[in-house]
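Below you'll find the structure, written out as structure tokens, and then a few comments.
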Amino acid sequence: MNPDIAIIDSGVNPHHFHVQTVSGGHGYGVDSKGQIEKTRDFKDEIGHGTAICGIIRQKAPFADLYAIKIFHRDLTASASSLIEALKWAIDKPFKIIHLSLGVENEALAQNLKPLCQKAHDRNILILASARGPEDRIFPAFFQTVIGVYWNHDCDKDQMVFHPESKIEFGAHGLPRAIPGMPQEQNFRGNSFAVAHVTAKAAQLMKHHPDKNIFQIKKQLAAAAETI
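Okay, structure coming up:
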């Protein structure tokens, strides 16, 4: 069975040659009364979500990708949009939820915590970005979530594993190269490290459909260099 992946980000350009197709998408915006509304818009205005999808599509071409847009003109989003996006993805449910974001506000984290626990209880794997193995950022810091940061020593097929840290995984932090664009002018960062690990998790789910998310995490760790 092919794993389906919800990518909560800036949407996607499904026609980009790195992506080619997605199973669908939607977005969250703010209506005239200041309330969060679900929209049909998942067009990527900044390219970030498309770059994320491109990594996953290359490494897990069998996966069904679904774009949930919460970033619009920049990489900021309201807490309410994030919460609504997570709720929807968990209730769908998807096998994997990819988050290119994190929050430091512990009050907001308390709203995210039960959602991440619900996903864990439903055998849904959430992966989220962090800035390092000791970063206290949510939801990556939760035990129910796989936290990933950009480890500058990793090439595109390497991962590192920190068994004593809350942020347990590090990976390559660059997206796929775009012809004619120098890599230093392209996106880079922790979000893309998460995408590389998301793709690896999808590979493992594809080949081991009987494994639960705890077992998939153990296999991710086994595939990484322990440091």
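Using the UniProt record's numbering, the first residue of the sequence shown is number 1, and each one after it goes up by one.
The beta-carbon is built from N, C-alpha and C at its ideal position, and this holds for glycine as well.
In its chain, beyond the 5 residues on either side, 14 have a beta carbon closer than 7 Å to the beta carbon of residue 21.
The C-alpha of residue 100 lies about 12 Å from the C-alpha of residue 196. For a cut-off of 8 Å, the C-beta gap from residue 71 to residue 77 is around 5 Å, short enough to register as a contact. The beta carbons of residue 7 and residue 53 sit about 6 Å from each other, so the pair counts as a contact at 8 Å. A Cβ-Cβ contact shorter than 8 Å links residue 130 with residue 147.
Cβ-Cβ distances below 6 Å link residue 24 to 66 in the same chain, with the five nearest sequence neighbours on each side left out; the list follows chain order. With contacts defined as CB atoms closer than 8 Å, residue 3 and residue 97 fail to qualify as a contacting pair. When secondary structure is reduced to three states using DSSP, residue 84 falls in the helix class. Taking C-alpha positions only, residue 93 is separated from residue 115 by approximately 13 Å. Of 150, 199 and 121, the smallest CA-CA separation from residue 191 is found for 150.
Within the same chain, 12, 13, 50, 53, 54, 57 and 65 come within 8 Å of residue 19 by CB-CB distance, once the 5 residues on both sides are set aside.
If you draw a straight line from the Cα of residue 166 to the Cα of residue 40, it comes to about 36 Å. Rounded to the nearest whole angstrom, the C-alpha separation of residue 161 and residue 208 is 21 Å. Between the beta-carbon of residue 27 and that of residue 42 there is about 5 Å, and that keeps the pair under the 8 Å contact cut. Rounded to whole angstroms, the separation of the alpha carbons of residue 84 and residue 91 is 11 Å. With distances taken between CA atoms, residue 35 lies nearest to 81 out of 172, 81 and 202. Looking at the DSSP output, residue 225 shares a beta bridge with 160. A distance below 6 Å between beta-carbons, with the five flanking residues on each side excluded, links residue 139 to the following residues of its chain, in chain order: 112, 116, 128 and 145. When rounded, the separation of the alpha-carbon atoms in residue 189 and residue 61 is 22 Å.
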